[in-house]
Amino acid sequence: DNEISWLDWSRLDTHRDMFRFVKLIIAFRKQHSSLCRSHFWREEINWYGVTRYVDLSANSKTLAFCLHGAEEEDADIYVMINASANACQFGIHEGTPGEWHRVVDTSLASPQDILEPDDVSVVSSTSYDVQARSVVILIKPRHSASV
Numbered sequence: 003d004n005e006i007s008w009l010d011w012s013r014l015d016t017h018r019d020m021f022r023f024v025k026l027i028i029a030f031r032k033q034h035s036s037l038c039r040s041h042f043w044r045e046e047i048n049w050y051g052v053t054r055y056v057d058l059s060a061n062s063k064t065l066a067f068c069l070h071g072a073e074e075e076d077a078d079i080y081v082m083i084n085a086s087a088n089a090c091q092f093g094i095h096e097g098t099p100g101e102w103h104r105v106v107d108t109s110l111a112s113p114q115d116i117l118e119p120d121d122v123s124v125v126s127s128t129s130y131d132v133q134a135r136s137v138v139i140l141i142k143p144r145h146s147a148s149v
């Protein structure tokens with residue numbers, strides 16, 4: 003413990019948007035039991051790239067995955083990661099248009115970067131434009147799971 007890891011709470015007003023994001027992403031993780039498993043996902047996860055096939059080459063800067071929540075009675079979670087310097091159009095390779103809801107898009111300004119559970123945005127397409135150096139998280143709610 004030293005001053006590098008100390009939080010300067012007097013700067014909270016200056017960085018309220020970051021505080022809000024971190025608070026909501028922690029709540030999102032706690033709300034979705036499939037993100038809190040004690041074992042690595044095997045059958046519950048499908049890996050993708052911008053296309054249906056994941057690109058694991060050294061030049062690839064994109065990755066997507068769909069984590070199925072049925073085993074945990076949780077929503078399905080689709081994550082798209084774009085570490086490249088350019089926007090990329092990711093295919094959404096599971097479900098149908100209108101089933102997925104955007105929860106996070108780190109390219110957007112607060113408060114659109116992470117949405118409150120009651121404010122999620124329906125994705126009505128089979129693809130999503132993920133901006134440069136950003137992450138998008140979609141959920142497909144189960145009937146018994148909350149967003």
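Offset between the sequence shown (1-based) and our numbering: plus 2.
Positions of the beta carbon are idealized from the N, C-alpha and C atoms, including for glycine.
Environment of cysteine 90 [buried if 16+ CB atoms lie within 10 Å]: As a position in the sequence shown, residue 90 is number 88, starting the count at 1. Buried, by the Cβ-count rule.
DSSP-derived helix/strand/coil call for valine 52: For this step, residue 52 is matched to residue 50 along the sequence shown. Reduced to three states, the DSSP call for valine 52 is coil.
Where serine 35 sits in the DSSP three-state scheme: For the purposes of this step, residue 35 is identified with residue 33 of the sequence shown, where counting begins at 1. Looking at serine 35 - three-state DSSP - the assignment turns out to be helix.
8 Å Cβ cutoff met for tyrosine 55 and phenylalanine 92: Counted from its first residue, the sequence shown places residue 55 at position 53. Counted from its first residue, the sequence shown places residue 92 at position 90. Cβ atoms of tyrosine 55 and phenylalanine 92: not closer than 8 Å.
Cβ pair count under 8 Å reaching 3, the region 98 to 107 against the region 50 to 69: no
Proximity of arginine 135 and alanine 85 at Cβ, strictly below 8 Å: The residue given as residue 135 occupies position 133 in the sequence shown. The residue given as residue 85 occupies position 83 in the sequence shown. In this structure, alanine 85 lies closer than 8 Å to arginine 135 by Cβ.
Under 8 Å between C-beta atoms of alanine 77 and lysine 142: The count along the sequence shown starts at 1 and reaches residue 77 at position 75. The count along the sequence shown starts at 1 and reaches residue 142 at position 140. Cβ distance < 8 Å, so alanine 77 and lysine 142 count as in contact.
Collapsed DSSP secondary structure at alanine 66 in the structure displayed: Along the sequence shown, one-based indexing puts residue 66 at 64. Reduced to three states, the DSSP call for alanine 66 is strand.
Three-state secondary structure assigned by DSSP to aspartate 78: By one-based count along the sequence shown, residue 78 stands at place 76. Three-state result, aspartate 78: strand.
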